[in-house]
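Since the structure comes first, as structure tokens, the remarks are kept for the end.
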Amino acid sequence: MELHSTPLNYLPIIIQMLVALGFVVTTMFVTHKIGPKRKTKDKLTPFESGIEVVGNARTPISIKYFLVAILFVLFDVEVIFMYPWAVNFKEMGAKGMIEMFIFMATLLLGFIYVIKKKALDWD
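Right, dumping it as structure tokens:
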């Protein structure tokens, strides 16, 4: 038995996307029209964490900050994949244990690569 996908099968998804988009547009339009419009000097000045703005916001920032942030997210997301494994550990048996060791070894190789490339050094 072959299942054929027709454009009609995607109609509920398209309708849901249109409803969501309509909700966003309507909410933004209504709040813009009925919201208060009190523009004062204080409201029109740039605000950053309660501190007066000093200098230009376009100053270059070292790529190390972004690299460390991306690596943190990468390794943090990888740890998230361990939670379902830990929950279903008994049902998976030895095969699940071997798969997790392979996963952890791959993760460790990636971490060793990052250390060798000195991506986490601040100098």
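Residues 75 to 197 in the numbering used here are what the sequence shown spells out, letter by letter. Think of the CB as a built atom: it goes at the ideal place given N, C-alpha and C, for glycine as much as any other residue.
Any idea what DSSP makes of residue i, helix, strand or coil?
i       : result
Ile-202 : No answer is possible for residue 202: it lies beyond the span of the chain, which begins at 75 and ends at 197.
Ala-160 : helix
Gly-170 : helix
Lys-192 : coil
Glu-165 : helix
Thr-114 : coil
His-78  : coil
Gly-184 : helix
Asn-83  : helix
Phe-203 : Absent from the structure is residue 203, since the part of the chain shown begins at 75 and ends at 197.
Ala-131 : coil
Gly-96  : helix
Tell me, please, which residues DSSP counts as bridged to residue i.
i       : result
Ile-144 : DSSP lists no partner for Ile-144.
Return the residue from the list the options that minimises the CA-CA distance to residue i.
i       : options                            : result
Ala-131 : Leu-85, Asn-83, Pro-120            : Pro-120
Trp-196 : Glu-173, Lys-138, Met-178          : Lys-138
Met-178 : Lys-107, Ser-136, Phe-155, Ile-135 : Phe-155
With a cut-off of 8 Å, does the C-beta of residue i fall near any C-beta of chain C?
i       : result
Leu-145 : Of the chains in the structure shown, none is chain C; there is only one protein chain.
- Task: Could you say if the region 146 to 159 and the region 102 to 112 meet the contact criterion of at least three C-beta pairs nearer than 8 Å?
- Result: no
- Query: Should the region 189 to 196 be called in touch with the region 153 to 162, which here means at least 3 C-beta pairs below 8 Å?
  - Reply: no
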